[in-house]
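Heads up: the structure comes next, in structure tokens.
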Amino acid sequence: MKPILLSLVFALSFISSQAHAEGAIISKVLEVRIDSDGKGLVTFVDVVVGTPPACAIAGYNHSMSFDAATAGGKAMYAMALLAKSGGATVYGQGKGTCVTYGVVEDANILFLK
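Going by the working numbering, the letters in the sequence shown line up with residues 9 to 121, in that order.
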């Protein structure tokens with residue numbers, strides 16, 4: 009019984025789940041957008057890789073969004089501006105959600121190295 013259960017768990021580990029889909033990026037910033045409601049978008053030179061969430065559309069496969077109305081979003085906005093003005097490379101990871109704009113993956117982590 010134990011080998012069957014272990015085999016089942018192993019087999020199930022290969023099934024893709026959109027709940028864990030997320031993008032990743034290592035790139036320079038092409039442009040930074042901020043709307044009057046605080047919603048923002050970082051567009052990168054390169055394409056976001058990984059498994060995009062189902063909500064993200066191909067037209068935004070170079071971008072990640074943030075909400076500058078939050079403390080984390082303000083920090084991401086400042087970092088994106090710094091990276092753009094200094095030509096620095098940004099490392100980022102998505103949340104696997106599209107809450108901010110509905111069609112662009114939300115940024116979970118952005119950092120400079």
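By construction, the Cβ of each residue, glycine as well, lies at the ideal position given by its N, Cα and C atoms.
Per DSSP, the bridge partner or partners of G31 | G58
Candidates C63, V40, T78: which alpha carbon is nearest E113's?
-> C63
First and last residue of the beta strand (DSSP E) that includes A115?
-> 115-120
What beta strand (DSSP E) runs, 3 residues minimum, are completely inside the stretch 79-115?
-> 97-102
Nonlocal neighbours in the same chain, by C-beta distance under 7 Å from V107, ignoring five residues either side = D114
Given a cut-off of 8 Å, decide if Y85 and I33 are closer than it, judged by their beta-carbon atoms.
-> no
Determine the contact status of Q101 and E30, defining contact as a CB-CB distance below 8 Å.
-> yes
Keeping to the same chain, check which residues put their C-beta closer than 6 Å to that of A77; ignore five residues upstream and five downstream.
-> G46.
Within 10 angstroms of the Cβ of D75, are there 16 or more other Cβ atoms? Answer buried if so, exposed if not.
-> buried
Leaving out five residues on either side along the sequence, give the residues of the same chain with a beta carbon under 7 Å from the beta carbon of Q26.
-> For Q26, the pLDDT reaches just 45, beneath the cut-off of 50, and the residue's location in the model is therefore unreliable, leaving the point undetermined.
If you run the structure through DSSP and keep just helix, strand and coil, what is G46?
-> Coil.
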